[in-house]
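Since the structure comes first, as structure tokens, the remarks are kept for the end.
Numbering (the numbering used here), first residue to last: 164 to 439.
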């Protein structure tokens, strides 16, 4: 044994032999899984960062499509917005002025040649309906976060289309019974007032079955569609639904490095390395 040849059994002049090629049955040495990992399972650091992040997103946000649940969501939103048409109609009736009329032998006529009250009633309904549509779009954008997109837009438009006629009918019927009674029993020449009503909007019946609103009854749906489209266009998420930041999944992607084992002390009979 010499410093140049620490192996006692190999001659000095024998060249180094290359390692034998791997056989098909050769397997790489097995690595023990990290502590706390069951056999057959991969540890937190076994997946690449991109694969772990993508799988986590798919687990949380790529839900299976369920047509029945989507239909139930749209119908529930439409019914809720239709119910909100009642307070909208009450607010419109409180703000819109009544129109003064006179009883004649032929019926009721306006007390003034060109009254401004019917125009004011249409204006108040248009403003309130437009504001109602904007608020509905904002509310559905935040409430139906997992249904953002065509489903949320459909719910907003259909809901406001139903809520507008409900608000119109509720508002115009406040005081209508008193007006009809005075119109039937009041003597000619008596002055009274007519409750607010719409002249620039109404409902037509398609084939006598399907109601089709027109005029300023379409303004709530118009406002909801515009606001929802703007929210979707300015959304910072491509899928419109909130997505977690990559930093939130650092515990999945980064992994916990295994602690390095301390080097074993040399055996008592081991040869010391040569010193220069």
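Idealized CB from N, CA, C, for every residue including glycine.
Closest by CA to residue 232, which one among 310, 300 and 351? Checking every option, the nearest Cα to that of residue 232 belongs to 310.
Going straight from the alpha carbon of residue 375 to that of residue 323, what length do you get? Answer to the nearest angstrom: the Cα atoms are 13 Å apart.
Roughly how many angstroms lie between the CA atoms of residue 208 and residue 401, to the nearest whole one? Low confidence applies here, because residue 208 scores a pLDDT of 45, under 50, leaving its location unreliable; read the following figure in that light. Each residue's alpha carbon lies about 29 Å from the other.
Residue 300 and residue 259: beta carbons closer than 9 Å? No.
Are residue 352 and residue 265 close, meaning C-beta to C-beta below 9 Å? Yes, the pair counts as a contact, with Cβ atoms nearer than the cut-off.
Excluding the 5 residues preceding and the 5 following residue 127 in the sequence, name in chain order all residues of the same chain whose CB lies nearer than 8 Å to its CB. Outside the shown range of the chain, which is 164 to 439, sits residue 127, and nothing can be said about it.
Opening and closing residue of the alpha helix (DSSP H) in which residue 230 lies: Taken as a continuous stretch (DSSP letters only), the alpha helix (DSSP H) holding residue 230 covers 230-258.
Pick helix, strand or coil for residue 272, following the three-state DSSP scheme. Here residue 272 sits in strand by DSSP.
Which value, in whole angstroms, describes the spacing of the CA atoms of residue 315 and residue 236? For the pair residue 315 and residue 236, the Cα-to-Cα distance works out to about 9 Å.
Please name the residue, chosen from 252, 261, 287 and 251, that lies closest to residue 354 on a Cα-to-Cα basis. Cα-wise, what sits closest to residue 354 is 261.
Hey, would you say residue 384 sits closer than 9 Å to residue 320, going by beta carbons? In terms of Cβ geometry, residue 384 and residue 320 form a close pair [threshold 9 Å].
Report back the beta-carbon spacing between residue 382 and residue 293 to the nearest angstrom; my notes put them in contact at under 8 Å. Between residue 293 and residue 382 the Cβ distance is about 5 Å, and since that is below 8 Å, they are a contact.
How about residue 121 and residue 263: do their beta carbons lie closer than 9 Å? Examination of residue 121 is not possible in this model, given that the chain is present from 164 through 439 alone.
Drop a sphere of 10 angstroms on the beta-carbon of residue 313, count the other beta-carbons inside from all chains shown, and report buried for 16 or more, exposed for fewer. When all chains shown are included, residue 313 counts as exposed.
When the distance is taken between beta carbons, is residue 366 closer than 9 Å to residue 328? Taking 9 Å as the Cβ cut-off, residue 328 and residue 366 qualify as a contacting pair.
If you measure between the beta carbons of residue 363 and residue 280, is that distance less than 9 Å? Note that the C-beta distance between residue 363 and residue 280 is not below 9 Å.
Could you say which of 361, 241, 271 and 371 lies nearest to residue 377 if we only look at CA atoms? Comparing alpha carbon positions, the residue from 361, 241, 271 and 371 closest to residue 377 is 361.
Starting from residue 289 and walking both ways along the alpha helix (DSSP H), at which residues does that stretch end? Residues 280-306.
Strictly under 9 Å for the Cβ-Cβ distance: is residue 317 near chain B by that measure? As a matter of chain content, chain B is missing from the structure shown, which is built from one protein chain.
Which same chain residues, not among the five before or five after residue 386, have their C-beta less than 6 Å away from its C-beta? Excluding positions up to five away in sequence, the list reads 293, 296 and 297.
Under 8 Å by Cβ, that's how I've got residue 379 and residue 305 pegged, so tell me the actual separation to the nearest angstrom. With a Cβ gap of about 27 Å, residue 379 and residue 305 do not count as contacting.
For residue 367, which three-state DSSP category applies? Residue 367 falls in the strand class under three-state DSSP.
Any idea which residues DSSP pairs residue 355 with across the strands? Looking at the DSSP assignment, residue 355 forms a beta bridge with 264.
According to DSSP, is residue 372 helix, strand or coil? Three-state DSSP puts residue 372 in coil, outside helix and strand.
Could you tell me whether any non-hydrogen atom of the ligand MN is closer than 8 Å to the CB of residue 284? As for the ligand MN, it is missing from this structure, which has no ligand bound.
Buried or exposed, going by whether 16 or more other CB atoms sit within 10 Å of the CB of residue 242? Classification for residue 242: exposed.
My assumption, with CB atoms under 8 Å, is that residue 252 sits in contact with residue 330. Please give the rounded CB distance. Correct: roughly 4 Å between the Cβ atoms.
Rounded straight-line distance, which links the Cα of residue 303 to that of residue 221: Residue confidence for residue 221 is low, a pLDDT of 43 falling below 50, so the modelled location carries little weight; the figure read from the coordinates is stated next. Taking the straight line from one Cα to the other gives about 24 Å.
On the DSSP bridge assignment, give the partners of residue 378 in chain order. According to DSSP, residue 378 shares a beta bridge with 364.
Cα-Cα separation between residue 397 and residue 245, rounded to whole angstroms: Residue 245 has its alpha-carbon roughly 28 Å from the corresponding atom of residue 397.
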